[in-house]
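Residue numbers (this note's numbering): 15 to 270.
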C-alpha cells in the first residue's frame, strides 16, 4: 500500500487547476500538499522532504534520479504572459537585469536569450521583491503572479516563451511533475486522473481559489497562455532547453 505522498505544490495562479483536481479527486489521507515557490519545490524534492512536485525543468539535474510522472506540465505554445523580462529601455540597451530567482528555469532561459537571441551581456543580480519597490526605468525578470500584476507597468516587455519559440520553433516547458522516489503505478494513475480533472474544470478552479485577479482575466490566462499537456512537442522543447542550458551556460554564469 502506498504511504501518504508529500506533494510540493506551487502557489501561483497557473497551478490552481492542478490543485483543484488533486483536492477534488484524491482520497483523504492519500496526499499532503505543501504550498511553496518553484525554487522551494525543487529544494524540497532535492532534500527528500517531498515525494512529488512541480519541478522547474532547470533544476531537474539536482535530483539523482528524476522521474517525470505525469503527462501534464506548466508549458507554453505561445505567449505565456507570466514569465517576462521587463524594462524601461529596449533590451539591446540593457546593462543589468534584476532577477526573480523563484525559478531557476526562468533565470537560465533569460541567460540563454541574452547570449543567443538578444546578443547582450548584462550584469545579472538577484532581487528581493519583498523588500524593494519596482522601478519602471530598470530591467527585471518577473515570473508568476508578479509578472501578471506588474508587467504592464514597463515600457518594454519581452515574453520569454515567445522569445524561445521564435528562436527554436519549439514550445517551452517551465515545470513538470517530478518524483524524487518510486511511486506505486496505481498512485501515478490516480494522480494523473486528478490533474486531468482539474484542467477540465478551470472555471471552477478560478472560482474556488483566492488568487487576487479578476475571474475573467484569470480564466483567459489559464485557457490561452498556459498549455498543460506534456506532449511530444513539449518534450522535445524540454530536451532542447536542457541541452542548451548545460552546453551553452557555464556554472560561473548561472545566478540561481
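Here a beta-carbon is modelled for each residue, glycine too, at the ideal position from N, C-alpha and C.
What you are looking at is a predicted structure, and each value in this text was computed from that prediction instead of being measured.
Cα-Cα separation between residue i and residue j, rounded to whole angstroms
i: residue 87; j: residue 188; result: 8 Å
i: residue 85; j: residue 247; result: 12 Å
i: residue 207; j: residue 80; result: 21 Å
i: residue 29; j: residue 96; result: 12 Å
i: residue 175; j: residue 198; result: 34 Å
i: residue 17; j: residue 65; result: 10 Å
i: residue 164; j: residue 200; result: 42 Å
i: residue 118; j: residue 42; result: 33 Å
i: residue 236; j: residue 21; result: 22 Å
i: residue 194; j: residue 104; result: 41 Å
i: residue 255; j: residue 224; result: 33 Å
i: residue 40; j: residue 204; result: 7 Å
i: residue 90; j: residue 44; result: 30 Å
i: residue 257; j: residue 249; result: 12 Å
i: residue 154; j: residue 61; result: 30 Å
i: residue 161; j: residue 38; result: 29 Å
i: residue 82; j: residue 190; result: 7 Å
i: residue 5; j: residue 232; result: With the chain running from 15 to 270 in the structure shown, residue 5 is simply not present.
i: residue 230; j: residue 222; result: 13 Å
i: residue 211; j: residue 220; result: 14 Å
i: residue 140; j: residue 24; result: 20 Å
Proximity winner among the options, relative to residue i (alpha-carbon distances)
i: residue 217; options: 21, 19, 35; result: 35
i: residue 100; options: 209, 196, 171; result: 171
i: residue 33; options: 47, 226, 186; result: 47
i: residue 68; options: 107, 40, 26, 102; result: 26
i: residue 108; options: 129, 130, 135, 57; result: 135
i: residue 192; options: 233, 57, 228; result: 57
i: residue 178; options: 251, 61, 196, 53; result: 251
i: residue 259; options: 159, 130, 238, 232; result: 130
i: residue 92; options: 186, 19, 213, 190; result: 186
i: residue 184; options: 244, 55, 98; result: 244
i: residue 169; options: 53, 156, 152; result: 152
i: residue 78; options: 210, 219, 196; result: 196
i: residue 106; options: 228, 211, 133, 49; result: 133
i: residue 242; options: 166, 94, 49; result: 94
i: residue 50; options: 142, 214, 116; result: 116
Range covered by the alpha helix (DSSP H) that runs through residue i
i: residue 238; result: 229-238
i: residue 38; result: 30-39
Range of the contiguous beta strand (DSSP E) that encloses residue i
i: residue 172; result: 170-173
i: residue 54; result: Per DSSP, residue 54 belongs to no beta strand (DSSP E); it is in the alpha helix (DSSP H), 52-60.
i: residue 67; result: 66-70
i: residue 22; result: 19-24
The ligand ATP heavy atom lying under 7 Å from the CB of residue i
i: residue 19; result: Although the ligand ATP was asked about, the structure shown includes no ligands whatsoever.
Exercise for the section: Entirely within the region 76-158 and at least 3 residues each: give me those beta strand (DSSP E) ranges in chain order. Expected result: 81-90, 97-101, 110-113, 137-140, 153-157, all fully within the region 76-158.
Handout entry: At least 3 beta-carbon pairs within less than 8 Å: the region 144-161 vs the region 109-127
Key = With a cut-off of 8 Å, the region 109-127 and the region 144-161 count as touching, because enough Cβ pairs lie within range.
Problem - At least 3 beta-carbon pairs within less than 8 Å: the region 119-135 vs the region 60-76 - result: Touching, yes, given that three or more Cβ pairs across the two stretches are closer than 8 Å.
Handout entry: Sequence ranges, alpha helix (DSSP H) only - wholly within the region 174-218, length at least 4
Key = Fully enclosed alpha helix (DSSP H) runs of 4 or longer: 174-182, 199-213.
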